[in-house]
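Participant: I'd like to ask you about the structure that follows.
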Amino acid sequence: MSAPTKRVLLANPRGYCAGVDRAVITVEKALETYGAPVYVRKEIVHNRHVVETLRERGAIFVDEADEVPEGALVVFSAHGVSPAVHEQAAERGLRTIDATCPLVTKVHFEARRFAKEDYDILLIGHEGHEEVEGTAGEAPEHVQLVDTAEDVAKVEVRDPSKVIWLSQTTLSVDETMERVDQLRERFPDLQNPPSDDICYATQNRQVAVKALAPECELVLVVGSQNSSNSKRLVEVALQAGADAAYLVDFAHEVQESWLDGVSTVGVTSGASVPDNLVMDLLRWLAERGYGQVDEVTTANEKVAFALPAELRKALKA
Ligand code: SF4
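Just so we're aligned: the sequence shown equals residues 1076 to 1392 in our numbering.
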């Protein structure tokens, strides 16, 4: 029997990580426990479908805590907030539930610790990303953001023997190490973070897409444009050898022309993407002859986080 000419390689792990799962359940449980509306500062996770679904159930998304009526309940998103946001919420008498991913909280803790020890902290991350704003806000006088290679050239430190780098949790592992090498050329004593800041989920999804990309003429990443880890998956797929790679929120965004001459399609999804969106894409591909799906498994994830303490207390009461 000849091999099928069209197939899908499906990345595993893909989709929801433990931090996103926890954040989405937090808003759902808050709605069940306290009733609508529940205010959420920023998008709870960076995914259009998730945000729209929660909005339909009574969540109101705002940009800043000062848009929340005094005394109301607000959930802080998985990306974390700076101490200034907590203060602002307290001043307005808001009830808060903090759905910051524990792995982001870990980086906040590192920023506080090394600021206390009077280090200059070089935070590798994307300018304007909520997570970076929250982490930098822990010690604004000690943290400098390093996004591009140009930023590396501009950084000034007080004592080159007392410098450490930290990073956003959702970066490309390879690009971050490139940035670290560039920084180390300028500051040979640059210290590494005590443990990886790029989280397990980001790393695992990149490893899986790297494994399948060399065999694919096309890689489709399900995810939203404002999702850092999803965008990195497109870049990693291209760097690993895929001829083309695109980010789509929904199956209907895939252009038929992308499939021209393609026999193997790689499929994966960002850490904020529910798997029903991937299943929709697989159905769409099957209708076009890509019915054979082979999973490429590079890790088995068993990470789970407890719900925020504020919510656990309310659920027990
Ligand atoms: S991508 Fe990583 S840091 Fe972000 S919510 Fe998921 S587990 Fe947490």
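Where a beta carbon is used, it is the ideal one built from N, C-alpha and C, also for glycine. Note that this is a predicted model, so its numbers are computed, not measured.
1) Threshold first: 4 residues or longer. Then list the alpha helix (DSSP H) segments lying entirely within the region 1273-1311, N to C.
2) So is Lys1081 in contact with chain B if we call contact Cβ pairs under 8 Å?
3) Just jot down, in chain order, the residues whose CB lies closer than 6 Å to any heavy atom of ligand 1.
4) Could you compute how far the alpha carbon of Glu1202 sits from the alpha carbon of Lys1285?
5) Which full runs of the beta strand (DSSP E) of 3+ residues lie inside the region 1130-1208, going along the chain?
6) May I ask which residues mark the beginning and end of the beta strand (DSSP E) holding Gln1219?
7) Using the three-state DSSP reduction, which class does Leu1258 fall into: helix, strand or coil?
8) Since Ala1134 and Val1102 are thought to touch, with beta carbons under 8 Å apart, how far apart are those beta carbons, to the nearest angstrom?
9) Do you know whose CA, among Pro1268, Ala1093, Asp1141, lies nearest Arg1187's CA?
10) So who's on the other strand from Asn1087, going by DSSP bridges?
11) What's the call for Ser1270, buried or exposed, on a 16-neighbour Cβ count within 10 Å?
12) Can you pull the DSSP bridge partners for Thr1343?
13) From Glu1231, Val1126, Leu1357, pick the residue whose C-alpha is nearest to that of Glu1216; which is it?
14) Tell me, to the nearest whole angstrom, how far the beta carbon of Val1113 is from that of Val1150; I am working on the premise that it is less than 8 Å.
15) Should Val1371 be labelled buried (16 or more other beta-carbon atoms within 10 Å of its own) or exposed?
16) Considering only the beta carbon of each residue, do Leu1321 and Leu1287 sit closer than 8 Å?
Facilitator: The relevant details are as follows:
1) 1275-1287
2) Of the chains in the structure shown, none is chain B; there is only one protein chain.
3) Cys1092, Ala1093, Gly1094, Val1095, Ala1153, Cys1176, Leu1178, Val1179, Thr1244, Thr1245, Cys1274, Ala1276, Thr1277, Asn1304, Ala1346
4) 26 Å
5) 1134-1137, 1148-1151, 1170-1173, 1195-1199
6) 1218-1221
7) helix
8) 6 Å
9) Among Pro1268, Ala1093, Asp1141, the Cα nearest to that of Arg1187 is on Pro1268.
10) Thr1372
11) exposed
12) Val1296
13) Glu1231
14) The beta carbons of Val1113 and Val1150 sit about 6 Å from each other, so the pair counts as a contact at 8 Å.
15) buried
16) Per the sequence presented here, residue 1321 reads as Tyr, with Leu not at that position. No, these two residues do not count as a Cβ contact at 8 Å.
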